[in-house]
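Undergrad: Everything in the sequence shown is counted per the working numbering, starting at 38 for the first residue and increasing by one. Beta carbons are placed, not taken as given, at the ideal position from N, Cα and C, and that holds for glycine. Provided herewith is a single structure, encoded as structure tokens, for subsequent inquiry.
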Amino acid sequence: MVITFPHMGRVYISVKALFDDLNVKLVVPPPVSKNTLELGTRLAPEMACLPLKINIGNYIESIKRGADTIILTGSCGPCRFGYYGVVQKEILKDLGYDVNIVILDAPNTGFKAFIDKIRMISGYSSLSSLMRAFRAAFKVTVEVDELMDIVLRKRPREKHKGETDRLLSRFEHDVLKVHGSTETLELVAIYKDKISVIAEDEKADPVRIGLVGEIYTLIEPYVNLNVEKKLGSLGVEVHRGITLTDWIKTHLSMDMKYKRARRNALDKAKPYLGRCIGGHAWETIAATVGFNEKGMDGVIQILPFGCMPEIVAESIIPTISRDLSLPAMTVTVDELTGEAGYMTRLEAFVDLLSQKKGMVS
Ligand code: SF4
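Listed below in structure tokens is the structure:
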């Protein structure tokens, strides 16, 4: 069995560490590219969400590299994500791909079924080795997210432009060559140290922007047109409203302290949205209010075209912006989004925030 999975930001680092530890053969899907998007756009229904289209492209690219088993995440809930796994399975079947498809529903909807499927994929590893591998993979996720926080803080302050990104791309190259969680964690630690000591411009006083939106769009650079890097190059310190660590903790953690903290964070959305309406709209609204409390200069919502929950969030954000005097902007991304127009909007927003910041300080 050679498994593969959807590409989603830097998820592949943790998934690779997990399956290396379990001695499962794996095809890491190539980074999302024009080819991935073209494949997905051609083969998925026109009105499907952008993430679904790209996932289809990922699977086909991985199948061509030898994968015969695809792991998809399933879900239930008010938005189309609830049907994702099943729809993708049907599309691949219709296209004639002879692959096994394993849909993993979140463990909080059935822990035993989740573990049974993982055990089956891993050649019936013992429960203890599974738990060990999961814990280590989670540690990898936390460390990679911390590495990214260092990158986001460093980009707008670096003395020699481009140094942070040069090291980040070297890390992304090297991480594919290491095997298992121990080697991965060692490598992450090395790059955390290297990036932390990059020389900073002492006069740098970056504008701070919070990014909010649906998780896939926020963490996959190809889909959000590398918004973190673009903003960093404009001298912005970026803060992410949702990370992979948050997602895993939300769906897997039994930690009551985390659950209370999450509840408190979501309560911030109460005056505007009091419940989950699918996707990450609730988190988007809560994070927007939370970013104001953290003193951000502005918020940008990244909205994948046609995403129902984020469209609702988009309609609420102007009210929050008015109530809290927090500048906010929504950018919609789809397969037709042009890079130049996107960059112009980011530049204009950052200019506005810089002027406002200059007037205040
Ligand atoms: S959150 Fe939005 S983009 Fe994601 S599956 Fe739901 S509707 Fe589609």
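My output table needs one value for residue 260: the three-state DSSP class, helix, strand or coil.
TA: In the structure shown, residue 260 sits in coil (DSSP, three-state: anything other than H, G, I, E or B).
Undergrad: Flag residue 378 as yes when its Cβ comes closer than 7 Å to any non-hydrogen atom of ligand 1, and as no otherwise.
TA: Answer for residue 378: no, Cβ out of range of ligand 1.
Undergrad: Determine the burial state of residue 295: buried for a count of at least 16 other Cβ atoms within 10 Å of its Cβ, exposed for fewer.
TA: With fewer than 16 other CB atoms across the displayed protein chains lying within 10 angstroms of its CB, residue 295 is exposed.
Undergrad: Just mark residue 58 as buried or exposed, buried being the case when its beta carbon has 16 or more other beta carbons within 10 Å.
TA: buried
Undergrad: Between which residues of its own chain and residue 132 is the CB-CB distance below 7 Å, once the five residues before and five after are set aside?
TA: 80
Undergrad: In this structure, does DSSP put residue 380 in helix, strand or coil?
TA: helix
Undergrad: Determine the direct distance from the alpha carbon of residue 193 to that of residue 241, and round the result to whole angstroms.
TA: 7 Å
Undergrad: Give me the Cα-Cα distance between residue 311 and residue 394, rounded to the nearest whole angstrom.
TA: 32 Å
Undergrad: Hey, is residue 86 close to ligand 1, as in C-beta under 7 Å from one of its heavy atoms?
TA: yes
Undergrad: With distances taken from CA atoms, which of 281, 92, 267 and 67 is nearest residue 78?
TA: Among 281, 92, 267 and 67, the Cα nearest to that of residue 78 is on 92.
Undergrad: Let me check one thing: in DSSP terms, what residues is residue 274 bridge-paired to?
TA: 245
Undergrad: Extract the residue ranges of the beta strand (DSSP E) inside the segment 64-139, only unbroken runs of 3 or more that lie entirely within it.
TA: 106-110
Undergrad: When you compare only the Cα positions, how much space is there between residue 370 and residue 267?
TA: 15 Å
Undergrad: Using 8 Å for Cβ pairs, my map puts residue 107 next to residue 201. What's the rounded Cβ distance?
TA: That belief does not hold up - the Cβ atoms of residue 107 and residue 201 are roughly 34 Å apart, past 8 Å.
Undergrad: DSSP state of residue 40, grouped into three classes?
TA: strand
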